[in-house]
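For reference, the structure is listed below as C-alpha cells.
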Amino acid sequence: MKTKNRITNLLLIFLSISLLTSCAKKEEQTTEKAETKKARAEYIEVEPNVRLHITDVGEGKPVVLIHGYPLSDAMWEYQYHALVNAGYRVIGITLRGFGQSDKPYGKYNYDQFATDIKAVLDQLDIKDATIGGHSMGGAIALHYVAKYDAAHINKLALFAAAAPCHTKKADYPYPFFTKEDISKWVELNNNDRPALLAAIGGYFTLSPTSVSPGIGAWLGGIEMQSSPYAMEQALIALRDEDLRADLPKIKVPTLIFNAKEDKIVSFALAEEMNKAILGSVLVPFEKSGHALFVEEKDKFNEEFIKFLKK
Numbered sequence: 062m063k064t065k066n067r068i069t070n071l072l073l074i075f076l077s078i079s080l081l082t083s084c085a086k087k088e089e090q091t092t093e094k095a096e097t098k099k100a101r102a103e104y105i106e107v108e109p110n111v112r113l114h115i116t117d118v119g120e121g122k123p124v125v126l127i128h129g130y131p132l133s134d135a136m137w138e139y140q141y142h143a144l145v146n147a148g149y150r151v152i153g154i155t156l157r158g159f160g161q162s163d164k165p166y167g168k169y170n171y172d173q174f175a176t177d178i179k180a181v182l183d184q185l186d187i188k189d190a191t192i193g194g195h196s197m198g199g200a201i202a203l204h205y206v207a208k209y210d211a212a213h214i215n216k217l218a219l220f221a222a223a224a225p226c227h228t229k230k231a232d233y234p235y236p237f238f239t240k241e242d243i244s245k246w247v248e249l250n251n252n253d254r255p256a257l258l259a260a261i262g263g264y265f266t267l268s269p270t271s272v273s274p275g276i277g278a279w280l281g282g283i284e285m286q287s288s289p290y291a292m293e294q295a296l297i298a299l300r301d302e303d304l305r306a307d308l309p310k311i312k313v314p315t316l317i318f319n320a321k322e323d324k325i326v327s328f329a330l331a332e333e334m335n336k337a338i339l340g341s342v343l344v345p346f347e348k349s350g351h352a353l354f355v356e357e358k359d360k361f362n363e364e365f366i367k368f369l370k371k
C-alpha cells in the first residue's frame with residue numbers, strides 16, 4: 062500500500078509539474094503574441110502603389126502631425142520626444158512625394174493630401190485625435206478638418222500655417238508673397254533645386270544663427286529627400302489654393318502658433334485666421350521665425366501640451 066501511495070504521489074507531482082510547465086509556455090506564447098501585436102506599421106498604403114511613411118510612437122490620446130514644405134515627418138523629432146513623455150501617442154504622416162513616402166506621378170494638391178490623411182487615420186482606426194500641421198501642413202490639416210467634418214479629430218493646431226492663402230489676392234492682402242513670387246520659385250525648382258532650398262532657407266529662421274549649423278544641415282538633408290516633381294506641384298498648390306471657404310467649417314477647438322517675425326507666413330495672416338475661426342486661440346512667438354518648432358521648441362512643446370490637456 063505504501064508503495065502504491067508513493068507511486069500515486071509521484072504521478073500527481075509529475076502531472077502538476079507538467080501542468081505548470083504547459084501553463085507557463087502558454088502564458089509565454091500569449092505574451093509573445095501580445096508583444097507582436099504592439100509592433101506598428103512604418104508604412105501605410107493609401108492607394109495601390111502609394112505608401113506613406115508613418116512615425117507612430119507612444120501610448121495615450123492620439124496626436125497627428127503633418128509636416129511643412131518641403132520636409133517630412135522627421136521634422137517633428139523634438140516634438141515626438143516631448144509628447145511621448147507627456148503621455149500621448151504621436152503619429153507623424155509624411156505626405157506623398159516627400160521624405161520616405163512613395164513619390165508617384167499624379168496630383169499633389171490639398172484635396173489629395175487630405176484624402177491620404179483620411180486613409181491613414183481610417184486604417185489606424187484613430188479616434189478623438191488632435192491634428193496639427195506646420196506651414197503647408199497647417200493648410201492641409203485645416204482643409205482635412207473642413208473637408209471631412211473633423212473625422213477622427215476633435216482639435217486642430219495650426220503652426221505658422223500657410224492658410225487660408227499663401228499668396229496675396231486683390232481682396233486679401235495679408236500674405237507676404239504674390240503669385241509671381243511663387244512662380245519664380247517653381248521655375249527655380251525646375252532649374253536649380255538647391256538654389257530654391259537656399260532661397261527658402263533664407264526666410265526660414267529668425268536669423269542665420271537662430272538654429273545651430275547642425276540643425277540647419279539636418280533640415281536641409283530632410284528637404285533633399287523630396288521628389289522634385291512633388292516640390293514643383295506642391296508649390297503650385299501653395300500658390301493657387303484658397304481655403305477661405307473652409308474657415309467657417311472649423312468647429313473644433315483650434316490653436317494657432319505664429320512668430321511675429323516670421324518671414325514666410327505673416328503674423329497678420331495668423332490674426333485673420335484667429336478672427337475667422339470661432340473660439341480659436343492665437344499664441345505669438347517672439348524669438349523665432351518660421352522654424353518655431355526648433356527655434357523655440359521648449360515654448361512650442363509646452364504650449365501645445367497645455368492645449369492638448371484642455
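If you use this note's numbering, the sequence shown closes out at 371, no skipped numbers anywhere. The beta carbon of each residue, even a glycine, is placed where N, CA and C say it ideally should be.
- The stretch 340 to 351 makes contact with the stretch 258 to 267: 3 or more CB pairs, one atom from each, lie closer than 8 Å.
- Excluding residues up to 5 positions away in sequence, 315, 317, 335 lie with their Cβ nearer than 6 Å to the Cβ of residue 341 in the same chain.
- Burial state of residue 240 is exposed, judged by a 10 Å Cβ sphere holding fewer than 16 other Cβ atoms.
- Per DSSP, the unbroken beta strand (DSSP E) holding residue 116 starts and ends at 111 to 118.
- Here the alpha carbon of residue 186 sits roughly 42 Å from the alpha carbon of residue 252.
- Assignment of beta-bridge partners to residue 126 by DSSP yields 153, 193.
- Judged by beta-carbon spacing, residue 125 lies within the 7 Å limit of residue 190, meaning their Cβ atoms are closer than that value.
- For residue 320, the uninterrupted beta strand (DSSP E) segment begins and ends at 315 to 320.
- Secondary structure of residue 243 (DSSP, three-state): helix.
- Counting C-beta atoms within 10 angstroms of its own C-beta, residue 146 has fewer than 16 neighbours from the protein chains shown and is therefore classed as exposed.
- For residue 336, there is no enclosing beta strand (DSSP E); the enclosing alpha helix (DSSP H) covers residues 328 to 337.
- For residue 355, the enclosing alpha helix (DSSP H) covers residues 353 to 356.
- With distances taken between CA atoms, residue 287 lies nearest to 163 out of 106, 163, 262, 306.
- Judged by their CB atoms, residue 150 and residue 198 are not nearer to each other than the 7 Å cut-off.
- Annotation for residue 264: the continuous alpha helix (DSSP H) segment containing it runs 254 to 265.
- Here residue 168 is not bridged, per DSSP, to any residue.
- Taken through DSSP and simplified to helix, strand or coil, residue 145 comes out as helix.
- In the assembly as shown, residue 160 is a buried residue. Its beta-carbon has 16 or more other beta-carbons within 10 Å.
- Counting C-beta pairs with one atom in each stretch, the stretch 217 to 228 and the stretch 296 to 305 have three or more that are closer than 8 Å, which means they touch.
- Residues 354, 355, 358, 362 of the same chain have their beta carbon placed closer than 8 Å to that of residue 139, with the five preceding and five following residues left out of the count.
- Membership of residue 284 in the alpha helix (DSSP H) is indicated by the continuous run 274 to 284.
- When the Cα atoms are used, residue 311 and residue 132 turn out to be separated by approximately 26 Å.
- The beta-bridge partner set that DSSP reports for residue 228 consists of 238.
- Per the C-alpha coordinates, the member of 106, 261, 281, 234 positioned closest to residue 333 is 234.
- Comparing alpha-carbon positions, the option among 179, 102, 276, 171 lying closest to residue 212 turns out to be 179.
- DSSP, read as helix, strand or coil, puts residue 291 in helix.
- Under the DSSP assignment, residue 269 falls outside any beta strand (DSSP E); it carries neither an H nor an E label.
- By the neighbour-count definition (other C-beta atoms within 10 Å, threshold 16), residue 134 is a buried residue.
- Inter-residue distance for residue 257 and residue 285 is about 11 Å (C-alpha atoms, whole angstroms).
- For the set 205, 338, 194, 232, the Cα lying nearest the Cα of residue 219 is the one of 194.
- The closest CA to that of residue 249, considering only 292, 144, 181, 330, is found on 292.
- Contact annotation, residue 136 with residue 283: C-beta distance approximately 6 Å; criterion of less than 8 Å satisfied.
- Following the DSSP letters along the chain, one finds residue 217 inside the beta strand (DSSP E) bounded by residues 214 to 220.
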